[in-house]
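**Student:** Sharing a structure, written as structure tokens. Questions coming.
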Amino acid sequence: MIDRADYYAAKLAYETDPSDVHAARKAGANIFIIDVRSDEAWAQGRVAGAVHMHYSEITRRASDEIPADAEVVVYCWSPGCNAGAKGALEFARLGYQVREMIGGFEYWVREGYPVEDADGIHHRPVDPLTGIARVRTRA
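138 is the number that my numbering gives the last residue of the sequence shown; the numbers go up by one with no jumps.
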């Protein structure tokens with residue numbers, strides 16, 4: 000039987016969340032964020048600065064586009080999508096240090112982090128069920 004502390008330490012070694020990814024990037028971490036969704040999903044919007052690499056293309060493209068020693072974070076749509084796990088598995092098989100961003104694009108958006116599409120970079124309102132809404136005060 001695995002020890003609980005070992006289980007949670009391992010879980011954190013293989014998963015991250017939008018808040019931690021955003022904070023790490025803000026602090027200057029050089030993280031390659033990989034969107035493993037379809038072309039159509041990518042066009043609808045993505046994590047600002049992400050690289051689009053469908054999980055089925057990782058084996059063919061990763062070594063040419065992502066440094067072998069890079070910190071890699073993959074994501075898909077939401078907690079109901081397993082494409083992130085498929086992408087993480089492919090990167091792991093290639094020897095990358097990879098983590099899956101739990102919550103995926105849905106929670107990145109719901110927490111109000113920068114989203115990019117053909118029109119540029121946007122911030123959508125924070126969903127108060129997933130993050131702390133920005134409160135405006137009167138001057």
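Where is the CB? At the ideal position from N, CA and C, for every residue including glycine.
Pull up the distance between the alpha-carbon of Ser18 and that of Ala26, whole angstroms please.
**Tutor:** Each residue's alpha carbon lies about 12 Å from the other.
**Student:** By Cβ distance, which residues of its chain are closer than 7 Å to Glu111, with the 5 residues on each side in sequence left out?
**Tutor:** According to the sequence provided, residue 111 is Gly. The question's Glu does not apply to it. These residues qualify, in order along the chain: His122, Arg123, Pro124, Val125 and Gly130.
**Student:** In this structure, what does DSSP give as the bridge partners for Gly119?
**Tutor:** Gly119 pairs with Asp116.
**Student:** Whose CA, out of Asp2, Arg98 and Arg59, lies closest to the CA of Asp16?
**Tutor:** Closest option to Asp16, Cα to Cα, is Arg98.
**Student:** Measure the alpha-carbon distance for Ala132 versus Gln43 and round it to whole angstroms.
**Tutor:** Taking the straight line from one Cα to the other gives about 24 Å.
**Student:** Within the continuous beta strand (DSSP E) that includes Ile57, where are the two ends?
**Tutor:** Not the beta strand (DSSP E): Ile57 falls in the alpha helix (DSSP H), residues Ile57 to Glu64.
**Student:** Cβ atoms of Val35 and Gly86: under 8 Å apart, would you say?
**Tutor:** Yes; because the gap between Cβ atoms is below 8 Å, this pair is in contact.
**Student:** Tell me which residues share the same chain as Ala82 and place their Cβ nearer than 7 Å to its Cβ, disregarding the 5 neighbours each side in the sequence.
**Tutor:** Result list for Ala82: Val35, Arg36, Tyr54 and Cys75, in chain order.
**Student:** Could you tell me which whole alpha helix (DSSP H) segments of length 4 or greater appear in the region 2-81?
**Tutor:** Taking only runs of at least 4 residues, the alpha helix (DSSP H) segments lying wholly in the region 2-81 are 3-13, 17-25, 38-43 and 57-64.
**Student:** Given a threshold of 16 other Cβ atoms within 10 Å of its Cβ, counted over all protein chains shown, does Tyr106 qualify as buried or as exposed?
**Tutor:** Answer is buried; the Cβ neighbour count reaches 16.
**Student:** Since Val97 is in the alpha helix (DSSP H), which residue starts that stretch and which ends it?
**Tutor:** Element bounds for Val97: not the alpha helix (DSSP H) but the beta strand (DSSP E), Gln96 to Met100.
**Student:** Suppose the cutoff is 7 Å on Cβ atoms and the five residues either side in sequence are ignored; what does the same chain contact list for Cys80 look like?
**Tutor:** Within the same chain, Cys80 has close Cβ partners Gly103.
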